[in-house]
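Written below as structure tokens is the structure these notes are about.
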Amino acid sequence: TSAKATQPPRLSVIGTGYLGATHAAAMAALGFQVVGFDTDPTKVAALSLGKVPFYEPGLDELLVEQVESGRLRFTSDVADAVASSDVHFVCVGTPQQATSHAANLSHVEAAVRAVAENLVGDALIVGKSTVPVGTASRLRGLLAETAPAGVRAELVWNPEFLREGKAVQDTLHPDRVVVGGASARAEELLRTVYAQPVAEGAPFISCDLPTAELVKVSANAFLATKISFINAIAGVCEAAGADVTVLADALGHDVRIGRQFLDAGLGFGGGCLPKDIRALMHRAGELGAHHASRLLQQVDEINMGQRERVIAMATEACGGSVLNRRIGVLGAAFKPDTDDVRDSPALNVAAALHLRGAQVTVFDPQASDTARRTFPTLGYAASAEDAVQGTDVVLLLTEWPELVALDAGRLAALTATARVIDARGKLDAQAWRAAGWEFTGLGRIAA
Ligand code: NAD
């Protein structure tokens with residue numbers, strides 16, 4: 015009826031992890047009625063109480079506000095979530111497969127199947143998870159097979175570009191909205207959902223399904239390539255006696271290049287970039303696009319090589335073996351402003367040194383709990399001071415502002431030898447040297 019058509023669409027969010035929980039709270043903040051569903055009952059229980067099960071700046075406040083407003087609720091009953099909504103955002107995980115570089119699509123398939131089986135009326139399914147190109151078109155087949163007869167169900171792809179640590183801001187004020195494969199009706203619905211960001215100037219880019227899927231993975235591949243590029247140049251800087259941090263600043267002034275993602279160091283990690291470039295490497299290979307596969311293979315190798323470099327530098331600082339040496343590790347999260355340690359370079363280096371016999375003590379302002387769950391055998395300290403106590407070498411592995419700002423003089427007195435390796439290129443080398451530290455940085459001039 016025309017009365018119904020003027021009602022704002024009611025939204026469901028299927029999968030309430032980093033992406034889904036943020037999306038659900040942000041859509042409620044935009045004024046929509048939202049229900050979040052997750053197969054993990056502990057997440058549903060926490061979110062229902064207004065508690066975010068992970069650290070994301072600003073999300074706690076937004077979640078509490080939106081749950082209290084009555085616009086946002088969470089359920090463990092998928093039939094309830096589907097029956098209460100018109101538009102269903104699929105936000106489940108697409109991790110790397112255990113035995114290959116390809117993405118594991120079982121969660122996305124299960125989510126679409128569960129929505130389809132429980133549809134009670136016309137609906138729009140909007141994939142937001144990051145998927146290999148070609149996935150959405152297969153999911154359309156699944157939807158057509160599974161949806162009840164007589165129900166008009168459409169599936170489109172609307173990839174998500176949010177950054178952890180800035181997820182709320184990125185969701186409410188995206189740089190662009192990309193929608194693939196939408197009919198006129200689906201596009202109208204999504205223009206309603208994203209009316210506010212679009213009114214604020216975010217371009218609404220409507221394209222075909224494979225283009226939408228590929229925009230997301232290409233964006234991540236480009237960012238990863240930029241980081242591996244500067245790390246490759248850092249190797250040249252070290253060999254030639256140049257300073258990569260000064261070089262990166264100078265490069266960054268060129269607006270065609272830009273300064274972001276040009277920090278030489280330990281490289282990228284997290285739940286997205288590594289698995290996304292590997293999935294694209296794999297998919298490009300399947301499609302016969304071998305240049306892309308080879309390029310990304312190099313990007314990945316350079317990136318993983320940085321972890322080996324830092325392990326080797328730490329070993330050298332300990333006199334050739336880390337066995338029974340005490341190593342203080344500052345940072346465990348894959349980047350600042352998150353407690354996410356999925357494929358974290360920092361935790362990877364800390365664990366590798368531990369496995370080689372070092373006594374490793376880690377401090378992270380937010381990620382100690384998630385790190386402890388992943389690597390319970392490492393030592394965890396309650397402060398940076400405790401982590402560096404009596405150590406043979408200190409490693410800065412995640413560039414949290416509070417770690418970068420640590421007082422070099424005060425810390426030096428606590429260690430056994432005042433040796434530091436800055437694996438993120440963020441410490442003030444001069445100040446640390448002046449405070450008595452033997453300072454080593456990747457791609458920077460030796461003392
Ligand atoms: P996550 O692991 O934090 O969350 C995934 C959630 O899905 C979990 O809570 C899990 O319990 C739930 N789930 C799994 N199967 C389900 C099912 N069948 N039905 C309902 N819920 C189910 O992962 P994430 O970081 O939020 O990533 C989700 C997707 O978003 C991935 O494809 C990722 O690549 C993409 N993405 C993530 C980010 C990010 O910064 N985290 C940014 C952009 C895109």
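Using the UniProt record's numbering, you'd call the opening residue of the sequence shown number 15 and step up by one each time.
Quick reminder that beta carbons are idealized off the backbone N, C-alpha and C, glycines included.
*Given a cut-off of 8 Å, decide if G284 and K349 are closer than it, judged by their beta-carbon atoms.*
Here residue 349 corresponds to residue number 335 of the sequence shown, with the count starting at 1. Here residue 284 corresponds to residue number 270 of the sequence shown, with the count starting at 1. In contact: K349 and G284 (Cβ atoms closer than 8 Å).
*Find out if the Cβ-Cβ distance for the pair T206, P23 is shorter than 8 Å.*
Your numbering for residue 206 matches position 192 in the sequence shown. Your numbering for residue 23 matches position 9 in the sequence shown. Yes, these two residues count as a Cβ contact at 8 Å.
*Have a look at G29 and V170 and give me their C-alpha separation to the nearest angstrom.*
Within the sequence shown, residue 29 is the residue found at index 15, counting from 1. Within the sequence shown, residue 170 is the residue found at index 156, counting from 1. About 17 Å.
*Enclosing beta strand (DSSP E) for Q373 [first to last residue]*: As a working note, residue 373 is residue 359 in the sequence shown. Its beta strand (DSSP E) spans residues 373 to 377.
*Report yes if the C-beta of H121 is less than 7 Å from at least one heavy atom of the ligand NAD; otherwise report no.*
Position 107 of the sequence shown, counted from the first residue, corresponds to residue 121. In this structure, the ligand NAD has a non-hydrogen atom nearer than 7 Å to the beta-carbon of H121.
_Neighbour-count burial assignment, G281, 16 or more Cβ in a 10 Å radius_ = Translated into positions along the sequence shown, residue 281 becomes position 267. The residue in question, G281, is buried, as its Cβ has 16 or more Cβ neighbours within 10 Å.
*Could you pull out every residue in the same chain whose Cβ sits closer than 7 Å to the Cβ of V129, ignoring the five residues on either side in sequence?*
For this step, residue 129 is matched to residue 115 along the sequence shown. Result list for V129: I28, V96, H102, I139, in chain order.
_Run of the beta strand (DSSP E) containing I341, from where it starts to where it stops_ = Taking the sequence shown and counting its residues from 1, the one referred to as residue 341 is at position 327. First-last of the beta strand (DSSP E) with I341: 340 to 344.
*asked:* Between Q80, D351, K57, which has its C-alpha nearest G45's C-alpha?
replied: As a first step, residue 45 must be located in the sequence shown, where it is residue number 31. With distances taken between CA atoms, G45 lies nearest to Q80 out of Q80, D351, K57.
*Let me know if G345 comes out buried or exposed under the rule of 16 or more other beta-carbons within 10 Å of its beta-carbon.*
Translated into the one-based positions of the sequence shown, residue 345 becomes position 331. Buried is the label assigned to G345, since at least 16 other Cβ atoms lie within 10 Å of its Cβ.
*How do the segment 225 to 232 and the segment 249 to 264 stand: do at least 3 beta-carbon pairs fall below 8 Å, yes or no?*
no
*asked:* With DSSP as the reference, identify every bridge partner of F218, one or two as the case may be.
replied: Residue numbering aside, residue 218 sits at position 204 when the sequence shown is read from its first letter. According to DSSP, F218 bridges with V191.
*If you measure from the CB of C105, is any heavy atom of the ligand NAD nearer than 7 Å?*
Translated into the one-based positions of the sequence shown, residue 105 becomes position 91. Result yes, Cβ under 7 Å from the ligand NAD.
*For S307, which residues of its own chain have a beta-carbon under 6 Å away from its beta-carbon, when the five flanking residues on both sides are left out?*
On the sequence shown, position 293 is the one that residue 307 refers to. Here the set comprises M295, A298, G299.
*Compute every distance between the C-beta of K57 and the non-hydrogen atoms of the ligand NAD, then say whether any falls below 7 Å.*
As a position in the sequence shown, residue 57 is number 43, starting the count at 1. Checking every heavy atom of the ligand NAD against the Cβ of K57, one is found closer than 7 Å.
*Can you list the beta strand (DSSP E) stretches of 3 or more residues lying completely in the segment 43 to 131, in chain order?*
Listed in chain order, the complete beta strand (DSSP E) runs (minimum 3 residues) inside the segment 43 to 131 are 48 to 51, 86 to 89, 101 to 104.
*asked:* For M41 and D100, I'd like the C-alpha separation in whole angstroms.
replied: As a first step, residue 41 must be located in the sequence shown, where it is residue number 27. As a first step, residue 100 must be located in the sequence shown, where it is residue number 86. Spanning the two alpha carbons is a distance of roughly 14 Å.
_On the criterion of 16 or more Cβ atoms from any shown chain inside 10 Å, does E178 qualify as buried, or is it exposed?_
For the purposes of this step, residue 178 is taken as the residue at position 164 of the sequence shown. Burial call: buried.
*C-alpha gap between A445 and V418, whole angstroms*: On the sequence shown, position 431 is the one that residue 445 refers to. On the sequence shown, position 404 is the one that residue 418 refers to. Looking at the two C-alpha atoms, the distance is approximately 12 Å.
_Assuming the contact rule is C-beta atoms closer than 8 Å, P173 and A216 should be a hit. Round their C-beta distance to whole Å, please._
Taking the sequence shown and counting its residues from 1, one reaches residue 173 at position 159. Taking the sequence shown and counting its residues from 1, one reaches residue 216 at position 202. Not a contact, Cβ separation roughly 14 Å.
*DSSP three-state assignment for V27, whether helix, strand or coil*: Against the sequence shown, residue 27 aligns to sequence position 13. Here V27 sits in strand by DSSP.
*Is V313 helix, strand or coil by DSSP?*
For the purposes of this step, residue 313 is identified with residue 299 of the sequence shown, where counting begins at 1. Residue state, collapsed to three classes: helix.
*How long is the line joining the alpha carbons of A443 and T113, rounded to whole angstroms?*
One-based indexing of the sequence shown puts residue 443 at position 429. One-based indexing of the sequence shown puts residue 113 at position 99. If I take the Cα positions, the gap works out to 42 Å.
_Cβ-Cβ separation, A116 to A293 (assumed contact under 8 Å), whole Å_ = Here the question's residue 293 lines up with position 279 in the sequence shown. Here the question's residue 116 lines up with position 102 in the sequence shown. With 8 Å as the limit, A293 and A116 qualify as a contact, their Cβ atoms being about 6 Å apart.
_Nearest by alpha-carbon distance to Y69: which of A326, A360, A364, P379 is it?_
As a working note, residue 69 is residue 55 in the sequence shown. Measuring from the Cα of Y69, the nearest candidate turns out to be P379.
*Report yes if the CB atom of residue 11 is closer than 8 Å to the CB atom of A43, and no otherwise.*
As shown, the chain starts at 15 and ends at 461. That puts residue 11 outside it, with no answer to give.
*Per the contact definition of three or more C-beta pairs closer than 8 Å, is the segment 311 to 321 in contact with the segment 245 to 262?*
yes
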